[in-house]
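Numbering (numbering that gives the first Met the number 0), first residue to last: 0 to 279. We put the CB at the ideal spot given by N, CA and C, even for glycine.
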Amino acid sequence: MKKTAALLLTAAMTMTMLFAGCGDAAKDADTKNADNEANVEDVSGTESAQGEGPLADGVLNVGTNAEFPPFEFVGDDGEPDGFDMALIKAIGEKLGVDVVVENMEFDSLVASIGSKIDVAIAGMTITDERKNAVDFSDEYYEAVQYVIVSADSEIASAADLEGKNIGVQLGTTGDFIVEDIEGATAAQYNKAVDAVNDLRNGRVDAVIIDKNPAQVFGEQFKDEVKLFDGESPEFGFEKEYYAIALPKGDAELAKSINDALAELKEDGTFDELVTQYIGN
Ligand code: ARG
0 MKKTAALLLT AAMTMTMLFA GCGDAAKDAD TKNADNEANV EDVSGTESAQ
50 GEGPLADGVL NVGTNAEFPP FEFVGDDGEP DGFDMALIKA IGEKLGVDVV
100 VENMEFDSLV ASIGSKIDVA IAGMTITDER KNAVDFSDEY YEAVQYVIVS
150 ADSEIASAAD LEGKNIGVQL GTTGDFIVED IEGATAAQYN KAVDAVNDLR
200 NGRVDAVIID KNPAQVFGEQ FKDEVKLFDG ESPEFGFEKE YYAIALPKGD
250 AELAKSINDA LAELKEDGTF DELVTQYIGN
């Protein structure tokens with residue numbers, strides 16, 4: 000995609016703020032940047048309707064965070080692999096563009112759309128807050144948060160999580176749930192597996208993470224941990240829906256991606272990928 004100096008500056012400012020650790024300031028800047036980008040496009044009159052959108056150069060730059068099996072993980076060849084990677088490549092094929100994947104921190108994905116990356120696919124849940132900064136494609140997968148505890152833990156309900164130290168991946172919906180648990184502290188990790196390892200080491204009391212990655216970790220460490228389905232009445236967490244995060248207001252790109260997704264569902268490719276990567 001075409002990058003303007005303004006966009007690069009915006010990205011640099013966002014990165015600076017992130018590195019400075021001003022979480023909230025960075026979030027504010029994030030929202031403002033989205034406005035700035037819209038202005039830049041208005042002024043220059045370049046819109047995807049005129050064939051100058053993200054797809055115009057034949058490359059779709061996709062951001063992910065390959066720390067979330069089976070949706071994305073680093074494969075044996077060192078490249079991001081997993082359900083989402085296969086899905087976005089299949090979408091790219093339908094659209095006739097090359098997919099270039101950038102592996103980055105989950106918490107940076109939304110802010111990077113429109114500058115460093117065109118879209119993000121990362122098992123990302125549609126949330127109202129994220130919708131302030133980005134648009135979402137049609138949803139493609141249903142999820143819910145799971146709770147992982149050590150095999151001998153007495154934690155068995157949401158009430159038991161009160162006042163506890165809970166491992167989460169930074170900026171995820173699991174992280175947001177911990178904010179609402181009375182007296183609980185979120186131990187935030189950039190990599191989900193580090194949260195799970197700290198649970199195994201006894202440094203956190205529980206880990207809250209999406210169902211399928213929880214099942215992968217649960218299987219990997221099955222003698223040490225046990226899982227709770229967050230949708231059970233004991234926890235009462237709400238269902239979540241994954242979608243591809245898109246630049247705000249690019250209706251043409253959204254339509255192209257949604258049409259491709261619909262075709263992949265229609266022709267059976269989507270189900271094949273589910274079987275291949277997720278297995279249910
Ligand atoms: N579904 C959760 C969210 O949107 C977690 C996603 C984490 N994804 C990842 N690739 N690390 O917040």
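Contact test: Lys121 Cβ vs the ligand ARG heavy atom, cutoff 6 Å: The residue you call residue 121 lines up with position 122 of the sequence shown. Per the sequence presented here, residue 121 reads as Ala, with Lys not at that position. Correct: Ala121 has its Cβ closer than 6 Å to the ligand ARG.
For Ser111, the three-state DSSP class (helix, strand or coil): Counting from 1 along the sequence shown, the entry for residue 111 is found at position 112. In the structure shown, Ser111 sits in a helix (DSSP, three-state: H, G or I).
Same chain only: Cβ atoms within 7 Å of Glu239, ignoring 5 sequence neighbours per side: As a first step, residue 239 is located in the sequence shown; it is residue number 240 there, counting from the start. So the list reads Thr124, Ala142, Val143, Thr172, once near-sequence residues are dropped.
Beta-carbon gap between Val118 and Val61 smaller than 7 Å: Your numbering for residue 118 matches position 119 in the sequence shown. Your numbering for residue 61 matches position 62 in the sequence shown. Result yes, Cβ atoms of Val118 and Val61 sit closer than 7 Å.
Asp80 - partner residues in DSSP beta bridges: Taking the sequence shown and counting its residues from 1, one reaches residue 80 at position 81. Answer by DSSP bridge pairing, in chain order: Phe72.
Touch test, the stretch 223-230 against the stretch 142-161, Cβ-Cβ under 8 Å, three pairs minimum: yes
Among Ile112, Asp106, Ser149, Ile90, nearest to Asn189 - alpha-carbon criterion: What you label residue 189 is simply residue 190 of the sequence shown in a count that begins at 1. When each option's Cα is compared against that of Asn189, the closest is Asp106.
Those runs of the beta strand (DSSP E) which lie wholly inside the stretch 156-207 and span at least 3 residues: If we require 3 residues or more, the beta strand (DSSP E) runs fully inside the stretch 156-207 come out as 164-168, 184-188.
Distance cut-off 6 Å: Glu71 Cβ against heavy atoms of the ligand ARG: To locate residue 71, count along the sequence shown from 1; it is residue 72. Yes; taking the cut-off as 6 Å, the Cβ of Glu71 has a heavy atom of the ligand ARG nearer than that.
Distance cut-off 6 Å: Thr274 Cβ against heavy atoms of the ligand ARG: By 1-based counting over the sequence shown, the position of residue 274 is 275. Flag unset: Cβ of Thr274 not near the ligand ARG.
Same chain, Cβ closer than 8 Å to Gly22, neighbours up to 5 away in sequence not counted: Your numbering for residue 22 matches position 23 in the sequence shown. Residue confidence is low: Gly22 scores 40 on pLDDT, short of 50, so the model does not pin down where it sits. Its coordinate-derived value is still stated next. The answer is none, since no qualifying residue turns up.
Straight-line gap, Asp249 to Ser149 (C-alpha atoms, nearest Å): On the sequence shown, position 250 is the one that residue 249 refers to. On the sequence shown, position 150 is the one that residue 149 refers to. About 45 Å.
Pair within 7 Å by beta-carbon distance, Phe82 and Tyr276: If you number the sequence shown from 1, residue 82 lands on position 83. If you number the sequence shown from 1, residue 276 lands on position 277. Cβ distance < 7 Å, so Phe82 and Tyr276 count as in contact.
Rounded straight-line distance, which links the Cα of Glu128 to that of Leu245: In the sequence shown, counting from the first residue as 1, residue 245 sits at position 246. In the sequence shown, counting from the first residue as 1, residue 128 sits at position 129. Rounded to whole angstroms, Leu245 to Glu128 spans 14 Å at the Cα level.
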